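Residue numbers (our numbering): 104 to 386. Idealized CB from N, CA, C, for every residue including glycine. Since the structure is predicted, the reported quantities are computational estimates derived from the model, not experimental observations. Encoded as structure tokens, the structure appears first; notes follow it.
Structural data, given as structure tokens:
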């Protein structure tokens, strides 16, 4: 989720009087020897910094949400379209935050479209869901037959460093991935206090995440399996060329570090580039 990058104040206490409704639409197109951000439209407090090109032609973009956190009633929508041959990477400057709710729900909707021979990497930093928060997140990824995609979602439930668990609240997460107009993956996941504690759920782990990569092969599957080895709370599978990797951890930074290793194993074949960490991750 987008992170705090301005001095605006928007806390849970303000929910009763105001709520943000924001929408951002991005378009990427190949222009000469690099991908350009050719469309940037926004409504409300949701925008991007200027594009960066740390690895040449791939366009790196950082999403900004100036209020710094999301509360009940807020609705954020992000749309991104990557045209043929273009290559884009979208990330965030820091962790996103969903604050405690008095009963209402905060909504985030992300729609990503990737054309033939184009690639998109959706790599936001972790989303912190505070105890008592109520989040509804929907991700829709529409891939052309030869579109390429790597994306992850990392959640931190509660704040273990502050001795805060997740005894109250919920996160509803929906993923929908289509290829050439055909649905290939659909997931509806609900995480609440019961799921947080249960052995069939997170078993008390505060961090959980999923990584997707397409197109992937059995060689990628074997490489990630070797990376996991006997380490618990890690798993990977391959469905119709879609690599799906899941993980649980006590800390979101450790989970993100694991996903970065998986990214390193698959990016060369999926995107045609070695891993280039966004500069903002080091600040």
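Taking the Cα positions, residue 281 is about 27 Å away from residue 380.
Take the alpha-carbon of residue 128 and the one of residue 333: they are about 42 Å apart. In this structure, DSSP gives residue 308 a state outside helix and strand, which the three-state scheme calls coil. With a cutoff of 8 Å on beta-carbon distance, residue 297 and residue 351 are scored as not near each other.
If you check the CB distance, residue 313 and residue 349 come in under 8 Å. In the structure shown, the three-state DSSP call for residue 124 is strand. Between the C-alpha atoms of residue 315 and residue 345 there is a straight-line separation of about 7 Å. DSSP places residue 220 outside any alpha helix (DSSP H), giving it a letter other than H or E. Residue 174 and residue 124 have their C-alpha atoms spaced approximately 11 Å apart. Beta-carbon to beta-carbon, residue 262 and residue 231 are separated by about 7 Å, close enough to satisfy the 8 Å threshold. By the neighbour-count criterion, in which a residue is buried when 16 or more other Cβ atoms sit within 10 angstroms of its Cβ, residue 286 is exposed. When the alpha-carbon of residue 288 is set against those of 246, 327, 265 and 133, the nearest one is in 246.
In the three-state reduction of the DSSP assignment, residue 361 falls in the helix class, which pools H, G and I. In this structure residue 222 does not touch residue 378 by the C-beta definition: roughly 14 Å separates them, more than the 8 Å allowed. A straight line joining the alpha-carbon of residue 144 with that of residue 255 spans about 24 Å. Counting along the chain, the unbroken alpha helix (DSSP H) around residue 330 starts and ends at 321-331.
Counting along the chain, no alpha helix (DSSP H) covers residue 269, and no H or E run does either. For the segment 153-199, there is no continuous alpha helix (DSSP H) assignment of 4+ residues that stays within its boundaries. Looking at the DSSP output, residue 292 shares a beta bridge with 276.
Here residue 356 carries a helix assignment [DSSP, helix/strand/coil].
Assigned with DSSP and collapsed to three states, residue 255 falls in strand. Taking residue 361 as reference, the option from 270, 257, 216 and 186 with the minimal CA-CA separation is 257. If the five residues before and after residue 273 are omitted, its C-beta is found closer than 6 Å to the C-beta atoms of 237 and 295, all from its own chain and listed in chain order.
Between the beta-carbon of residue 330 and that of residue 368 there is about 7 Å, and that keeps the pair under the 8 Å contact cut. Residue nearest to residue 195 within the set 372, 130, 151 and 259 is 151 (criterion: CA-CA distance).
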